[in-house]
Amino acid sequence: MSERRVLVVEDERTIAESIATRLRAEGFAVELAGTGPAAVAAFTANPHDLIVLDIMLPGYDGLEVCRRVQAIRAVPVLMLTARDAETDLLVGLAVGADDYLTKPFSMRELVARAHVLLRRTDRAAELNSPADERITIDDVEVSLTERRVWVGREEVHLTRTEFELLVCLASRPRAVLPRERLLATVWGWTDGAGSRAVDSHIKALRRKLGGDRIRTVHGIGYAWEPNR
7 MSERRVLVVE DERTIAESIA TRLRAEGFAV ELAGTGPAAV AAFTANPHDL
57 IVLDIMLPGY DGLEVCRRVQ AIRAVPVLML TARDAETDLL VGLAVGADDY
107 LTKPFSMREL VARAHVLLRR TDRAAELNSP ADERITIDDV EVSLTERRVW
157 VGREEVHLTR TEFELLVCLA SRPRAVLPRE RLLATVWGWT DGAGSRAVDS
207 HIKALRRKLG GDRIRTVHGI GYAWEPNR
């Protein structure tokens, strides 16, 4: 496999260099950008397999960077934020971020998240088949091959993570899937430390698809509820 390219977008030079050093030690080719416009220009000029993206940037912020790069080409994005407000996290997920880390974070966790995002991207590419496989429940239609979703006749844009979470739930209607299982299946995590990521993505899915489709089973997880 060729060397994987990572674009690190961080305006604090010390943090950016620390991330780059660790990723290079893991075998990644790393490019740095310190502003929003520089990040979009770098992504436009060179293909990258992953973006590590700070939310607070000069020029324009990480949310705008995420919007612009996803409009150019779908790419997994790991967002870094010093904030811990749920609204900020939801907005980041809505514009195309796949995962997030709240500062301060360990480099070991960042590297682990990067590897998981890349494995998910590879797995999604391998699973594409010539025949268009679909899941249809009520007025929601999911094309597994094209990775597209419709509610009624209107297409709904989902991020990579939202799509995989939807498929996981819709593949087993009414079955209660624990957060730990969703984390293992969608994120590839083996512990429950990221349960908030599940909750945040569920809220994003509800906002895009309708709030009554996904049932919360308190203390356990979630289930897709077809109309009776």
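For the working numbering, count along the sequence shown from 1 and bump the result up by 6. From the three backbone atoms N, C-alpha and C, an ideal C-beta is built for every residue, glycine too. Keep in mind the model is a prediction, meaning the values are calculated, not measured.
- Here the alpha carbon of R180 sits roughly 20 Å from the alpha carbon of L150.
- Taking one beta carbon from each stretch, the stretch 117-129 and the stretch 183-197 have 3 or more pairs nearer than 8 Å; the two touch.
- R185 and V173 do not touch by the CB rule: their CB atoms are close to 17 Å apart, not below 8 Å.
- By the C-beta criterion, the stretch 12-26 is judged to be in contact with the stretch 40-57, since at least 3 inter-stretch pairs fall below 8 Å.
- Short of 7 Å from the beta carbon of R154, and not among the five residues preceding or following it, lie these beta carbons of its own chain, in chain order: E161.
- Counting only runs of 4 or more residues that sit fully inside the stretch 171-197, the alpha helix (DSSP H) segments are 185-188, in chain order.
- In this structure, the straight-line span from the alpha carbon of H54 to that of R10 is close to 8 Å.
- Sequence-distant partners of V182 (beyond 5 residues in either direction) whose C-beta falls short of 7 Å from its own C-beta, in its chain, are V223, I226, G227 and A229.
- Shown here, R11 sits in a strand according to DSSP, grouped into three states.
- In this structure, the straight-line span from the alpha carbon of E32 to that of S24 is close to 13 Å.
- For S24, the enclosing alpha helix (DSSP H) covers residues R19 to A31.
- Rounded to whole angstroms, F111 and A88 show a C-alpha spacing of 10 Å.
- Following the DSSP letters along the chain, one finds L84 in no alpha helix (DSSP H) but inside the beta strand (DSSP E) bounded by residues V83 to T87.
- Annotation: R74 to E37 spans about 18 Å, alpha carbon to alpha carbon.
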